[in-house]
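S.K.: Taken in order, these protein sequences are the chains called E and Z. If you use this note's numbering, the first sequence corresponds to residues 1 to 319, in order. If you use this note's numbering, the second sequence corresponds to residues 1001 to 1596, in order. Backbone N, C-alpha and C define an ideal beta-carbon position, used for all residues, glycine too.
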Amino acid sequence: MRQYILRRLLIAVPSLLGISLVLFIVLALAPGDPFSELATNPNVPPEVAAALRTKFGLDDPVYLRYLHWLAAMLQGDWGFSFVSRMNVDTLILQRLPATLYVIGSAQLLALTIAIPVGVYAATRPYSIFDQIANTLAFIGFSLPTFFTGLLFILIFSITLDWLPFVYTTDIKATGFRWMIEQVRQAIMPVMVLALFQAASMTRFVRSAMLDVIRLDYVTTARAKGLGQTRVIVKHAMRNAMIPVVTLVALQMPAVFGGAIVTEQIFRIPGIGSLLISSILSNDTPVVMAVTFVFACLVVLFNLIADVLYGWLDPRISLR
Amino acid sequence: MLDTELRTMIDEVKDGRMDRRGFVQRMLAFGLTAPMATQILAIGGVAMAQSPTPYKPTKRGGGGPLKLLWWQGPTLLNPHFATGTKDQDGSRLFYEPLASWDSAGNLNPILAAEIPSIQNGGLTADGKSVTWKLKPGVKWHDGKPFTADDVVFNWEYARDPATSALTIGVYQDITVEKVDDLTVRILFKNPTPFWADAFVAVVGCILPKHLFADYKGAKSREAPNNLKPVGTGPYKFVEFKPGDLVRGEINPDYHMPNRPYFDTIEIKGGGDAVSAARAVIQTGEYDYAWNMQVEDDVLLRLEKGGKGKTVYSTGGDIEFIALNFTDPNTEIDGERSSIKTKHPLLSNPAVRKALALLVDRDAIQKHIYGRAGRTTASFLNGPEQFVSRNTKWEFSIEKATQLLEEAGWKVGADGIREKDGKKLKLLYQTAINGPRQKTQAIVKQACQKAGIDVELKSVVASVFFSSDVANPDTYSKFYADIEMFQIPMTQPDPAQHMRRFHSRFVATKENKWQGRNFPRWVNKEFDAAIDAAEAEVDPVKRAAFYIKANDVMWQDTVVIPVMHRLKVGAATNSLRPVLSGWTNDTDNIQDWYRET
Chain E
1 MRQYILRRLL IAVPSLLGIS LVLFIVLALA PGDPFSELAT NPNVPPEVAA ALRTKFGLDD
61 PVYLRYLHWL AAMLQGDWGF SFVSRMNVDT LILQRLPATL YVIGSAQLLA LTIAIPVGVY
121 AATRPYSIFD QIANTLAFIG FSLPTFFTGL LFILIFSITL DWLPFVYTTD IKATGFRWMI
181 EQVRQAIMPV MVLALFQAAS MTRFVRSAML DVIRLDYVTT ARAKGLGQTR VIVKHAMRNA
241 MIPVVTLVAL QMPAVFGGAI VTEQIFRIPG IGSLLISSIL SNDTPVVMAV TFVFACLVVL
301 FNLIADVLYG WLDPRISLR
Chain Z
1001 MLDTELRTMI DEVKDGRMDR RGFVQRMLAF GLTAPMATQI LAIGGVAMAQ SPTPYKPTKR
1061 GGGGPLKLLW WQGPTLLNPH FATGTKDQDG SRLFYEPLAS WDSAGNLNPI LAAEIPSIQN
1121 GGLTADGKSV TWKLKPGVKW HDGKPFTADD VVFNWEYARD PATSALTIGV YQDITVEKVD
1181 DLTVRILFKN PTPFWADAFV AVVGCILPKH LFADYKGAKS REAPNNLKPV GTGPYKFVEF
1241 KPGDLVRGEI NPDYHMPNRP YFDTIEIKGG GDAVSAARAV IQTGEYDYAW NMQVEDDVLL
1301 RLEKGGKGKT VYSTGGDIEF IALNFTDPNT EIDGERSSIK TKHPLLSNPA VRKALALLVD
1361 RDAIQKHIYG RAGRTTASFL NGPEQFVSRN TKWEFSIEKA TQLLEEAGWK VGADGIREKD
1421 GKKLKLLYQT AINGPRQKTQ AIVKQACQKA GIDVELKSVV ASVFFSSDVA NPDTYSKFYA
1481 DIEMFQIPMT QPDPAQHMRR FHSRFVATKE NKWQGRNFPR WVNKEFDAAI DAAEAEVDPV
1541 KRAAFYIKAN DVMWQDTVVI PVMHRLKVGA ATNSLRPVLS GWTNDTDNIQ DWYRET
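(1) Whole angstroms is fine: what's the gap from residue 1419 of chain Z's alpha carbon to residue 1410 of chain Z's?
(2) What are the residues that DSSP puts in a beta bridge with residue 1576 of chain Z?
(3) Report the partner residues of residue 1132 of chain Z according to the DSSP bridge assignment.
(4) Out of curiosity, what's the CA-to-CA distance linking residue 285 of chain E and residue 1222 of chain Z?
(5) Note down, in chain order, all residues in the segment 1157-1170 of chain Z with a beta-carbon under 7 Å from any beta-carbon belonging to chain E.
(6) Quick one: does residue 264 of chain E have its CB under 8 Å from some CB of chain Z?
(7) Rounded to whole angstroms, what's the CA-CA distance from residue 20 of chain E to residue 296 of chain E? Just pull it up for me.
(8) When the Cα atoms are used, what is the spatial distance from residue 1044 of chain Z to residue 1088 of chain Z?
(9) Are the beta-carbon atoms belonging to residue 1403 of chain Z and residue 1350 of chain Z less than 8 Å from one another?
(10) Is residue 1302 of chain Z near the ligand NAD, judged by its Cβ being under 7 Å from some heavy atom?
(11) At a CB-CB cut-off below 9 Å, which residues of chain Z make contact with residue 282 of chain E?
(12) In the structure shown, what three-state DSSP assignment does residue 242 of chain E receive?
(13) Could one say the Cβ of residue 158 of chain E lies closer than 8 Å to chain Z's Cβ atoms, at least one of them?
(14) So which residues of chain E does residue 1597 of chain Z contact, with C-beta pairs closer than 7 Å?
(15) Taking 8 Å as the threshold (beta carbon to beta carbon), is residue 1045 of chain Z in contact with chain E?
(16) Whose C-beta lies closer than 6 Å to the C-beta of residue 173 of chain E among residues of the same chain, with five residues either side of it excluded?
(17) Look at the alpha carbon of residue 1586 of chain Z and the alpha carbon of residue 1093 of chain Z, and state the distance between them as a whole number of angstroms.
(18) Grab the span of the alpha helix (DSSP H) containing residue 134 of chain E for me, first residue to last.
(19) Report the option in Z:1374, Z:1159 and Z:1071 whose CA atom is closest to the CA atom of residue 1220 of chain Z.
(20) Would you give the residue range spanned by the beta strand (DSSP E) that residue 1459 of chain Z belongs to?
(21) Between the segment 72-102 of chain E and chain Z, which residues of the former have CB atoms less than 7 Å from a CB of the latter, in chain order?
(22) For the alpha helix (DSSP H) that contains residue 1146 of chain Z, what are its first and last residues?
(23) Measure from the alpha carbon of residue 1543 of chain Z to the alpha carbon of each residue in Z:1342, Z:1348, Z:1097 and Z:1385, then state which is nearest.
(24) With burial defined as no fewer than 16 other Cβ atoms inside 10 Å of the residue's Cβ, what is the status of residue 1530 of chain Z: buried or exposed?
(25) Could you please give the first and the last residue of the uninterrupted alpha helix (DSSP H) stretch that includes residue 15 of chain E?
(26) Determine, using beta-carbon pairs with one atom in the segment 287-303 of chain E and one in the segment 112-132 of chain E, whether at least three such pairs fall under 8 Å.
(27) Between which two residues does the alpha helix (DSSP H) carrying residue 1529 of chain Z extend?
(28) Within this structure, are the beta carbons of residue 1232 of chain Z and residue 1111 of chain Z separated by less than 8 Å?
(29) Alpha carbon to alpha carbon, how far is residue 1579 of chain Z from residue 1106 of chain Z? Give it in angstroms, no decimals.
(30) Check residue 314 of chain E in the structure and name its three-state DSSP category.
(31) Drop a sphere of 10 angstroms on the beta-carbon of residue 1526 of chain Z, count the other beta-carbons inside from all chains shown, and report buried for 16 or more, exposed for fewer.
(32) Can you look up residue 83 of chain E in the DSSP assignment and give me helix, strand or coil?
(33) Anyone know if the C-beta pair for residue 1212 of chain Z and residue 1065 of chain Z falls short of 8 Å?
(34) List the residues that DSSP assigns as beta-bridge partners of residue 1429 of chain Z.
(35) Quick one: residues in its chain with C-beta nearer than 6 Å to the C-beta of residue 1246 of chain Z, no 5 flanking neighbours on either side, listed in chain order?
(36) Quick check: what's the CA-CA separation for residue 1138 of chain Z versus residue 1302 of chain Z?
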């Protein structure tokens, strides 16, 4: 087992290198430059813009810039943002709490809705409950988050005036009031995301359960006289969770990466909005760092999923 | 005719030897319009009028929080590194210049004790120096005194190329010297009529020497105070998260009496303009939102029964269509739109004039800009004393048709006019932006009726406005026949704004298309007017030169002015923001208050 993990980690190194190289080249080839605003600013002489480019190494050949980046990254230096002129890691760390809080709660909520609903629907296929759950799930994942987000704002903020629609990181209150405020401002974004996620996960859990529930060993367990709950929870569910684990594991990077659209709508200062504003202002070091973190997370959670498979179903050999 | 004679006449009016009407009549005889004559009279008097501020609160503080919503939040807080208005706005809460502009384009003192003038000895008649007297007793937020040394240091800091300050253009050609602890003198190499640039408004914000002295030049990025501003401003720094939040609290030692009114201030960033308008106008969750790039219909709808309203400030921003004087389709020495070529269609003045007649500004204002735009026929739209009264736009498809017919452009079988085998087909490019695409459609329709075939092209803004030499779609390369965008006027003085069409700034491959004269228009009369204006210290003559330059541009149809654009903000009903179209939204933040 330990060997397996070690081997997988070693394979991850070249793939991460490859990913970073591709990311870097794509960013270098993208049109526009971080100092485009200077071109239209009559106060800045062209020589200054040119000097800035040289100072930040933008005029070096791409491979040299990549090697610089890689060497710095290996020493833990993530570079600094051209736009804010501060270190990229500080910038990311500032944004991480809001993302983890909002998107993390949304994922948790989505799971707590999806698993029971999906499992229950699978045990009674084509029942009224199943049909209602299915219909809701279809509606849920056909409505994009920007639509439900705006709808929520119109209903709960504008018409009813219950919830604020601008997320703030500096709530003035302290103690219990602070907690209430935190929850209040997160309700809408969390609900928007959770509904969307729960919808697709419910469908997934249901079909995985349906596959397992018809297998012989489940019938055997029932024939042995085990109770329905015990059969479902202990025998069927455990195996049905394998595809669900894949889905959840691959979505974990999204938890860290934020939900770009939702963060924009509710002005959540998360990683997603950092990424989008950095892309718009051509702030390459930030874009590079954020996307590279995503790549690492994808690789890491794939590995975790693989390990979990073995634990969930011992028939899946690690060799 | 604008020489000593005019000056004598103004003096005669001032002394009461000639009455105003007589003056205006004499001017009419010289071919000037009456409003222009009175304008000249007005500015011939004292240099700058100072407007009384409408500030009402009688004590400092007590106003609660002021919540500002910027849909692009400030990303850094050093005014010398600020790339856009968002960064300047954020820095300006904490740092202050010597003076700033009011809505009429006059200077108001901030850290200066008074505005320099010839009368108080601050200005010299040769226009080669300015002496600023500093307000005594001003303290930095950390308690250290503000002195002339700080001002001199800022000049050294910004003009050092290794600092890579974006304000370098303002400081590199001047000399600043300390006269005494509370007096500084700025020396210019040449007579400089627009002397109020260094240390004024957003580019003039002053950093404390004692905190930045070690971080001049190559180490500029390492200064810890780049992220924790310590200024002289009405608010003290509390917290900063780039792109998300800037927070400040009242400065109890602020140097202006009874100011500021608010106890805390914050700028929240992110999101989009429409929802920002909603949060201010409709729900009142925030007090003020900046740069409302929202269709007027939407704003009007939000204002109905809402808690706020839109507020406007007038500057000189101009949305215009530029005509290419060179040929974008012929390559000479590896360069398209080369200055050595002539545009096959647009070099004909009749075609240019016809195009100017085909822009329906009324429709564009009515359907697109609403209250945020004014129709105009001038490239230079402010301040008042520089605005020409001699240009007048007209929309007439018949007149355009007639002009083209007379010039020999006949309608061909396909409905498109042609002459000498050349079809009247134009490529019309602009940056992607809702109002621009709609304007394109309106212009195209009118052109079609007159027999001109217009092909529309739109380029992503980040490419169109970039300095990327490798990209063929930038506005400065201008590989199209006509193009449209907005030039913001960043100062209440027209020098920078008008200079761009001087023939020495033609954009070419040689200067990596950094020249700002992108229509590549060369006109001796215009050049002469600009050169004369830049050396002219007398405000009356100077204004006349710029008016002349503007009129030459109009007669020669270099650009077709479309809309004089106003700055649009949103404020709750009780807030009294003090805004000026000549500077940033937060530049007079110390005067903001709430009506109770």
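M.R.: In terms of the structure at hand:
(1) 7 Å
(2) Z:1593
(3) Z:1184
(4) Taking the straight line from one Cα to the other gives about 17 Å.
(5) Answer set for the segment 1157-1170 of chain Z: 1161, 1164, 1166, 1167, 1168, 1169 and 1170.
(6) Cβ-Cβ to chain Z under 8 Å: yes for residue 264 of chain E.
(7) 10 Å
(8) Model confidence at residue 1044 of chain Z stands at a pLDDT of 48, short of 50, so the residue's coordinates are unreliable and nothing is read from them.
(9) yes
(10) Summarising the ligand content, the structure contains no ligands, and the ligand NAD is consequently not present.
(11) Result: 1462 and 1466.
(12) helix
(13) yes
(14) Residue numbering for chain Z in the displayed model covers 1001 to 1596; residue 1597 of chain Z lies beyond these limits and cannot be assessed.
(15) In this predicted model, residue 1045 of chain Z has a pLDDT of only 43, less than 50, meaning its place in the structure is not dependable enough to derive any value.
(16) 181
(17) 7 Å
(18) 128-142
(19) Z:1159
(20) 1453-1459
(21) 83, 84, 85, 86, 91 and 94
(22) Under the DSSP assignment, residue 1146 of chain Z falls outside any alpha helix (DSSP H); it carries neither an H nor an E label.
(23) Z:1385
(24) buried
(25) Residue 15 of chain E -> alpha helix (DSSP H) spans 2-29.
(26) no
(27) 1524-1535
(28) yes
(29) 13 Å
(30) It is coil, neither helix nor strand.
(31) buried
(32) coil
(33) Cβ distance not < 8 Å, so residue 1212 of chain Z and residue 1065 of chain Z don't count as in contact.
(34) For residue 1429 of chain Z, the beta-bridge partners assigned by DSSP are Z:1457 and Z:1483.
(35) 1074, 1090, 1240 and 1267
(36) 43 Å
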